[in-house]
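Novice: In numbering that gives the first Met the number 0, the protein residues as written are 0 to 138. We put the CB at the ideal spot given by N, CA and C, even for glycine. To start, I am sharing the structure in question, which I have written as structure tokens.
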Amino acid sequence: MALTKKQRAELRMRFGGRCAYCGCELPEKGWHADHVEAALRKWEFGERQTNGTRRTVATGEFWRHENDAIENLFPACAPCNLFKATFSVDLFREEITRQAERARAYSVNFRTAERFGLVEVIEKPVVFWFEQYQKGATS
0 MALTKKQRAE LRMRFGGRCA YCGCELPEKG WHADHVEAAL RKWEFGERQT
50 NGTRRTVATG EFWRHENDAI ENLFPACAPC NLFKATFSVD LFREEITRQA
100 ERARAYSVNF RTAERFGLVE VIEKPVVFWF EQYQKGATS
């Protein structure tokens, strides 16, 4: 759904002008309106390119059009929204929880930094900014 300037400004301030997930301050421009529950855009193949590949092109329609509603939008920084992709909030939380384990398994840089005490993994639950913000509003 296309948001008006007023709707976009209101959405940005929904959690105090911060990303619903990591809590970073959102700039006036450059942040994303994230579908909390994915709306899943429909796409089709475009024309064949000269190198033989075909690009996908969004049709403007959704598989889950009921999820394309303002009530289903959270303000998000670009990195959080792009990483979240079509994950549910719970799956997004699980993916974040696995990051240190993945870095340890696949990055010699991470393992070296960890071995020299430059990086320390802290086992703790992932709590999103919107959860903290809403809890603070009800206390």
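(1) Straight-line CA distance for residue 112 to residue 41?
(2) Residue 39: which of 25, 53, 84, 27 sits nearest, CA to CA?
(3) What does DSSP give as the partner residue(s) for residue 72 in the beta ladder?
(4) Let me confirm a value: residue 64 is counted as buried when at least 16 other C-beta atoms fall within 10 Å, else exposed. Which label applies?
(5) Would the region 122 to 134 and the region 84 to 104 be scored as touching if the rule is three or more Cβ pairs under 8 Å?
(6) The alpha helix (DSSP H) spanning residue 111 covers which residue range?
(7) Within the same chain, show all residues whose beta-carbon is closer than 8 Å to that of residue 76, passing over the 5 residues directly before and after it, in chain order.
Specialist: Quick answer:
(1) Taking the sequence shown and counting its residues from 1, one reaches residue 112 at position 113. Taking the sequence shown and counting its residues from 1, one reaches residue 41 at position 42. C-alpha separation (whole angstroms): 43 Å.
(2) Here residue 39 corresponds to residue number 40 of the sequence shown, with the count starting at 1. Among 25, 53, 84, 27, the Cα nearest to that of residue 39 belongs to 84.
(3) For the purposes of this step, residue 72 is taken as residue 73 along the sequence shown, with counting starting at 1. The partner list for residue 72 (beta bridge, DSSP) reads 34.
(4) What you label residue 64 is simply residue 65 of the sequence shown in a count that begins at 1. Flag for residue 64 reads exposed.
(5) yes
(6) Counting from one through the sequence shown, the residue named residue 111 turns up at place 112. Here the alpha helix (DSSP H) through residue 111 covers 107 to 114.
(7) What you label residue 76 is simply residue 77 of the sequence shown in a count that begins at 1. These residues qualify, in order along the chain: 18, 20, 21, 23, 25, 30, 31.
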